[in-house]
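K.L.:
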Amino acid sequence: TGKEKWPRGDEETWKAGLRSVDADVNDITKSIVHHIQTSLARQAYNIDNLGAYQATALAAREDLIINWNQTQMTYTRKQPKRAYYLSLEFLMGRTLDNALLNLGLKEKFETGLDKLGFTLEDVLDSERDAALGNGGLGRLAACYVDSGATCEIPLWGYGLRYHYGMFQQLIAPDGSQLEAPDPWLDNSNPWEIPRLDVTADVRFGGHAEKLDKGRGIWSGGQEVLAVAYDCPIPGSDTKSTNNIRFWSARPRRGFDLQSFNAGDYDRAVETSNSAANITNVLYPNDNHYAGKSLRLQQQYFWCAASLSDIMRRFKNTGQPISEFPNHVVIQLNDTHPTLAIPELMRILVDEEEVPWDDAWQIVTRTFAFTNHTVLPEALEKWPVSLFQQLLPRHLQIIYDLNWTFLQSVERKFPGDVDKMARMSLIEEGHGQQIRMANLAVLGSFKVNGVAELHSELVRTTILKDFVDFFGVDKFRNVTNGITPRRWLDQCNPALSNLITETLGSRAWLKDLYLLKGLLEHESDPTFQKKWAAAKANNKERLAKYIKNTLGVTVDSKAMFDIQVKRIHEYKRQSLNILGVIHRYLTIKAMSPEERTKVTPRVVLFAGKAAPGYWMAKLIIRLIVNVGKVINADPDAKGILTVLFLPDYSVSLAELLIPASDISEHISTAGTEASGTSNMKFCLNGGLLLGTVDGANIEIAEEVGEENVFFFGHLTPAVEELRYQHRYHPMPVEKKSPALAAVLEDIMSGRYGDASIWEPFVNTIRQGDYYLISDDFDSYLQAQKMVDEAYTKDPQQWIKKSIQTTAKMGKFSSDRAIMTYAEEIWNIETLKIN
Ligand code: NBY
Numbered sequence: 030t031g032k033e034k035w036p037r038g039d040e041e042t043w044k045a046g047l048r049s050v051d052a053d054v055n056d057i058t059k060s061i062v063h064h065i066q067t068s069l070a071r072q073a074y075n076i077d078n079l080g081a082y083q084a085t086a087l088a089a090r091e092d093l094i095i096n097w098n099q100t101q102m103t104y105t106r107k108q109p110k111r112a113y114y115l116s117l118e119f120l121m122g123r124t125l126d127n128a129l130l131n132l133g134l135k136e137k138f139e140t141g142l143d144k145l146g147f148t149l150e151d152v153l154d155s156e157r158d159a160a161l162g163n164g165g166l167g168r169l170a171a172c173y174v175d176s177g178a179t180c181e182i183p184l185w186g187y188g189l190r191y192h193y194g195m196f197q198q199l200i201a202p203d204g205s206q207l208e209a210p211d212p213w214l215d216n217s218n219p220w221e222i223p224r225l226d227v228t229a230d231v232r233f234g235g236h237a238e239k240l241d242k243g244r245g246i247w248s249g250g251q252e253v254l255a256v257a258y259d260c261p262i263p264g265s266d267t268k269s270t271n272n273i274r275f276w277s278a279r280p281r282r283g284f285d286l287q288s289f290n291a292g293d294y295d296r297a298v299e300t301s302n303s304a305a306n307i308t309n310v311l312y313p314n315d316n317h318y319a320g321k322s323l324r325l326q327q328q329y330f331w332c333a334a335s336l337s338d339i340m341r342r343f344k345n346t347g348q349p350i351s352e353f354p355n356h357v358v359i360q361l362n363d364t365h366p367t368l369a370i371p372e373l374m375r376i377l378v379d380e381e382e383v384p385w386d387d388a389w390q391i392v393t394r395t396f397a398f399t400n401h402t403v404l405p406e407a408l409e410k411w412p413v414s415l416f417q418q419l420l421p422r423h424l425q426i427i428y429d430l431n432w433t434f435l436q437s438v439e440r441k442f443p444g445d446v447d448k449m450a451r452m453s454l455i456e457e458g459h460g461q462q463i464r465m466a467n468l469a470v471l472g473s474f475k476v477n478g479v480a481e482l483h484s485e486l487v488r489t490t491i492l493k494d495f496v497d498f499f500g501v502d503k504f505r506n507v508t509n510g511i512t513p514r515r516w517l518d519q520c521n522p523a524l525s526n527l528i529t530e531t532l533g534s535r536a537w538l539k540d541l542y543l544l545k546g547l548l549e550h551e552s553d554p555t556f557q558k559k560w561a562a563a564k565a566n567n568k569e570r571l572a573k574y575i576k577n578t579l580g581v582t583v584d585s586k587a588m589f590d591i592q593v594k595r596i597h598e599y600k601r602q603s604l605n606i607l608g609v610i611h612r613y614l615t616i617k618a619m620s621p622e623e624r625t626k627v628t629p630r631v632v633l634f635a636g637k638a639a640p641g642y643w644m645a646k647l648i649i650r651l652i653v654n655v656g657k658v659i660n661a662d663p664d665a666k667g668i669l670t671v672l673f674l675p676d677y678s679v680s681l682a683e684l685l686i687p688a689s690d691i692s693e694h695i696s697t698a699g700t701e702a703s704g705t706s707n708m709k710f711c712l713n714g715g716l717l718l719g720t721v722d723g724a725n726i727e728i729a730e731e732v733g734e735e736n737v738f739f740f741g742h743l744t745p746a747v748e749e750l751r752y753q754h755r756y757h758p759m760p761v762e763k764k765s766p767a768l769a770a771v772l773e774d775i776m777s778g779r780y781g782d783a784s785i786w787e788p789f790v791n792t793i794r795q796g797d798y799y800l801i802s803d804d805f806d807s808y809l810q811a812q813k814m815v816d817e818a819y820t821k822d823p824q825q826w827i828k829k830s831i832q833t834t835a836k837m838g839k840f841s842s843d844r845a846i847m848t849y850a851e852e853i854w855n856i857e858t859l860k861i862n
């Protein structure tokens with residue numbers, strides 16, 4: 030723009046900026062300057078983008094807090110039934126842009142900042158992501174609180190305030206992933222409100238004693254203090270502003286007095302350190318259970334603090350304890366908060382002196398549980414020995430619950446000892462383990478999966494025994510959703526503006542089915558041109574980012590093919606990169622004349638591997654090295670570019686998703702519970718290349734099968750195929766010559782020494798658990814159809830893109846959250862005036 034950056038000019042310019050004609054803008058600039066001078070204690074005429082961001086955030090926050098107070102006051106006065114979303118992860122990303130949009134103040138802030146010499150874009154870019162989550166599960170929680178506020182549902186989130194969020198990913202020169210810490214709070218966090226007065230004591234260890242009638246006493250051990258940090262969550266175009274309460278661990282006042290008195294200062298300080306450790310870092314595993322003691326401590330710390338807070342708030346209503354489930358519903362985001370179930374039992378029975386059976390009635394009317402995976406390695410099982418050590422009273426409660434439960438199983442299925450063994454809360458074997466999923470199901474009144482196929486798999490496989498026992502009505506589906514505010518309006522202004530202009534209002538942002546109105550224009554050449562221009566604009570924006578960060582020039586006219594998600598064998602980034610190598614070999618074998626007819630592609634990958642997941646890290650290394658070879662080869666120049674973008678995050682997703690022509694969601698059938706980025710890509714007019722898995726199926730139902738590229742075996746075939754691999758293995762050479770050629774090429778040393786890749790190649794040659802060899806040819810076939818559709822009839826492609834966006838109404842998280850509210854929580858909306 031040629032605009033000067035601050036410090037721009039002199040004091041006079043600044044002061045002139047403060048004399049705006051628009052009263053609102055004037056207030057905004059004043060407020061920003063006020064915060065620069067008083068909150069940041071900085072000189073007004075010498076501040077950088079980071080300072081400008083902090084002051085702008087503080088100015089915007091004031092509006093949020095006023096609405097937040099109004100909302101909380103209304104809840105206190107009207108005492109509606111409230112829902113609490115317990116999630117160990119909230120993958121929020123940045124907040125400022127979202128806050129300004131929701132408040133309807135973005136343009137005014139832009140003008141105000143401009144008057145002070147800043148571009149809003151630079152200021153927004155100075156915010157660090159809040160990466161308090163791993164992937165889909167954590168981002169889902171963030172979308173749900175957005176929708177809760179927007180739909181005016183009394184919904185709070187409870188989470189942990191990790192000092193270190195999701196690690197920062199670096200790529201070493203040899204292509205390997207390296208991890209660096211993410212000290213996201215270092216610049217301070219303007220969105221959080223410390224509530225040093227809102228605390229809870231959380232006990233660990235000590236010993237538990239049983240009294241009569243199921244009651245018990247838990248004493249001794251160590252107490253850790255939980256301190257609340259509140260984060261306001263604004264709704265879109267409403268005053269309704271909800272809250273996420275994040276707990277931070279602190280040593281309790283007068284910690285470890287014994288050691289102090291004994292003159293053992295060092296020991297006392299050590300205890301205080303270990304207390305603060307609890308909320309130090311987010312565990313970076315997704316879809317994999319690791320079984321670390323500190324992780325169990327995080328879970329209990331968070332459940333205990335949240336329940337004590339919820340109980341205190343409930344008691345303030347003055348209602349008798351029997352009314353608890355009519356005022357409170359708690360949604361468990363996966364099994365991570367399952368300890369809330371025995372903890373509520375403990376509070377009711379031991380502290381409130383509610384008789385055991387009455388207490389269990391209350392508990393089982395309070396909780397509902399969402400399952401996010403059927404992968405066996407992800408199911409949480411904690412060693413009984415660890416419970417004995419850290420949570421002795423909870424162990425007693427779980428044993429007592431299990432005793433009664435197994436008796437009722439025996440009554441319903443007399444003599445079925447196998448069933449009893451499978452359903453028991455305790456897994457016997459070398460060292461007993463507590464099965465958190467079984468406990469979550471037992472203690473909840475509803476259990477749901479996150480897409481139709483997934484919920485059906487939950488009912489027919491992992492929880493089949495429980496369906497037989499409780500009846501099928503308890504087991505529901507709530508298909509995931511995404512917030513269209515962040516995942517279209519905020520991340521894709523070009524398309525959002527075109528949609529608003531075409532539909533005549535912004536109402537579609539709160540009723541996503543209104544996008545159907547775009548269908549009227551799908552054949553209008555002028556509209557099609559504008560649609561294509563928005564996509565082109567987003568591709569150029571991404572190309573610029575790639576140039577700035579990696580120094581690589583990509584042709585923004587090429588087809589952008591994107592796969593971004595956690596790196597996992599079941600998600601099969603491997604299938605994608607093997608397909609890329611096949612494409613490369615095909616190009617290599619062509620004459621220069623033939624190469625001119627190839628549809629140019631840019632294949633982009635991004636995603637983090639869990640630091641301990643060796644095979645996932647090897648796959649990253651392969652992608653990077655294949656990219657290096659291809660990008661340096663003149664034969665592929667202009668027709669194939671392959672890049673791994675480091676350090677995937679919510680903010681990077683906001684840049685990537687609007688720029689895709691096609692995105693890949695290619696998990697082995699039956700493994701991806703839902704997927705949510707598939708929804709984001711399609712909402713932004715990118716077409717979907719995928720397997721018949723998770724929410725891909727429902728997306729195809731909505732947008733029409735003619736608009737998606739499906740391939741691969743279906744879920745019912747998977748078990749049989751795995752059986753074949755095991756007992757009647759067939760060489761890859763015979764199954765897919767194309768794949769065999771690709772594997773041979775990898776082992777030729779072209780991408781680095783064969784010894785590096787051998788373990789990866791072996792997973793496919795032997796066992797091939799994720800069915801790469803079974804789906805490879807079908808994948809290539811689908812890719813060919815993508816090429817043809819894109820090249821042969823560009824106008825038809827644009828039409829498909831328009832139809833896709835237009836038919837994505839179902840996937841708004843507003844629909845999802847209203848389904849929870851109506852079908853599970855039995856809760857009503859509450860207008861905030
Ligand atoms: O939840 C994801 C599913 O894989 C995806 O299909 C679904 O769309 C999404 C939202 O429902 N699951 C997921 O992201 N899981 C985790 O991140 C996760 C994190 C930690 C642990 C387990 C799973 N853990 O046990 O520590």
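For the sequence shown, UniProt numbering begins at 30 and goes up steadily by one. Ideal Cβ positions, reconstructed from N, Cα and C, are used throughout, including at glycine.
Cα separation between P202 and A333?
P.N.:
45 Å
K.L.:
One question on the structure: do F119 and L161 come within less than 8 Å of each other, judged by their Cβ atoms?
P.N.:
yes
K.L.:
Thinking C-beta only, is P687 closer than 8 Å to N725?
P.N.:
no
K.L.:
Does the ligand HEM have even one heavy atom less than 7 Å from the beta-carbon of V310?
P.N.:
The ligand HEM is not part of the structure shown, which contains the ligand NBY as its ligands.
K.L.:
Tell me, to the nearest whole angstrom, how far the beta carbon of residue 868 is from that of V253; I am working on the premise that it is less than 8 Å.
P.N.:
Past the boundaries of the shown model lies residue 868; the chain is included only from 30 to 862, so the question cannot be answered.
K.L.:
Reducing DSSP to helix, strand and coil, say where W432 ends up.
P.N.:
helix
K.L.:
So does T720 have its beta carbon nearer than 7 Å to some heavy atom of the ligand NBY?
P.N.:
Checking the Cβ of T720 against the ligand NBY gives no.
K.L.:
Leaving out five residues before and five after V54 in sequence, what residues of the same chain have Cβ atoms less than 7 Å from its Cβ?
P.N.:
Result list for V54: K137, T140, G141, in chain order.
K.L.:
DSSP three-state call for A845: helix, strand or coil?
P.N.:
helix
K.L.:
Since T270 sits in a beta bridge, which residues does DSSP pair it with?
P.N.:
P263
K.L.:
Can you tell me whether N509 sits near the ligand NBY, meaning its C-beta is under 7 Å from at least one heavy atom of the ligand?
P.N.:
yes
K.L.:
Is S703 near the ligand NBY - that is, is its Cβ less than 7 Å away from at least one heavy atom of it?
P.N.:
yes
K.L.:
List the whole-angstrom C-beta distance separating V479 from T578, where the pair is believed to meet the contact cut-off of C-beta under 8 Å.
P.N.:
In fact, because the Cβ distance is near 33 Å, the residues do not count as touching under 8 Å.
K.L.:
Just the C-alpha distance for N302 and Q251, rounded to the nearest angstrom, thanks.
P.N.:
So the two alpha carbons sit approximately 13 Å from each other.
K.L.:
Of the residues P412, K448, I427, P554, which one's Cα is nearest the Cα of Q825?
P.N.:
Measuring from the Cα of Q825, the nearest candidate turns out to be P554.
K.L.:
Taking I359 and T395 to be in contact with their CB atoms under 8 Å, please state how far apart those CB atoms are, rounded to whole angstroms.
P.N.:
6 Å
K.L.:
In chain order, which beta strand (DSSP E) runs of at least 3 residues are fully inside the stretch 574-662?
P.N.:
Counting only runs of 3 or more, we get 588-593, 630-635.
K.L.:
Quick one: is E33 buried, meaning 16 or more other Cβ sit within 10 Å of its Cβ, or exposed?
P.N.:
Confidence is the limiting factor: at E33 the pLDDT is only 47, short of 50, which leaves the residue's position unreliable and the question unanswerable from this model.
K.L.:
Let me know the alpha helix (DSSP H) ranges lying completely inside the stretch 801-831, each 4 residues or longer, listed in chain order.
P.N.:
801-821
K.L.:
Within 8 Å, do at least three Cβ pairs link the stretch 597-608 to the stretch 795-805?
P.N.:
yes
K.L.:
With distances taken Cα to Cα, identify the nearest neighbour of G194 among S155, Y312, G188.
P.N.:
Of the listed residues, the one whose Cα sits closest to G194 is Y312.
K.L.:
Note the first and the last residue of the continuous beta strand (DSSP E) segment covering P766.
P.N.:
From DSSP, P766 is part of no beta strand (DSSP E) but of the alpha helix (DSSP H) over 766-776.
K.L.:
From the DSSP secondary-structure annotation, give me the bridge partner or partners of D230.
P.N.:
L254
K.L.:
Can you tell me whether L199 is buried or exposed, with buried defined as 16 or more other CB within 10 angstroms of its CB?
P.N.:
Result: exposed.
K.L.:
Taking DSSP as the reference, what is the three-state secondary structure of G164?
P.N.:
coil
K.L.:
Buried or exposed: Y173, going by 16 or more other Cβ atoms within 10 Å of its Cβ?
P.N.:
buried
K.L.:
Could you have a look at A850 and say whether DSSP puts it in helix, strand or coil?
P.N.:
Note: A850 maps to helix in three-state DSSP.
K.L.:
Any heavy atom of the ligand NBY closer than 7 Å to the CB of D315?
P.N.:
yes
K.L.:
Is the stretch 316-332 close to the stretch 363-381, with three or more CB pairs under 8 Å?
P.N.:
yes
K.L.:
Let me check you understand the geometry: is the CB of D230 closer than 7 Å to at least one non-hydrogen atom of the ligand NBY?
P.N.:
no
K.L.:
Cα separation between E623 and P663?
P.N.:
15 Å
K.L.:
Excluding the five sequence neighbours on either side, which residues of its own chain have a C-beta within less than 7 Å of the C-beta of V815, listed in chain order?
P.N.:
I691, L718, F738
K.L.:
Near Q432, which residues of its chain fall below 7 Å by C-beta distance, leaving aside the five closest residues on each side in sequence?
P.N.:
Here residue 432 turns out to be Trp, not Gln, going by the sequence shown. Excluding sequence neighbours, W432 sits near nothing in its chain.
K.L.:
Quick one: what does DSSP say T531 is sitting in, helix, strand or coil?
P.N.:
helix
K.L.:
For residue 868, report the span of its beta strand (DSSP E) as first-last.
P.N.:
Only positions 30 to 862 of the chain appear in the structure, and residue 868 is not among them; the question remains open.
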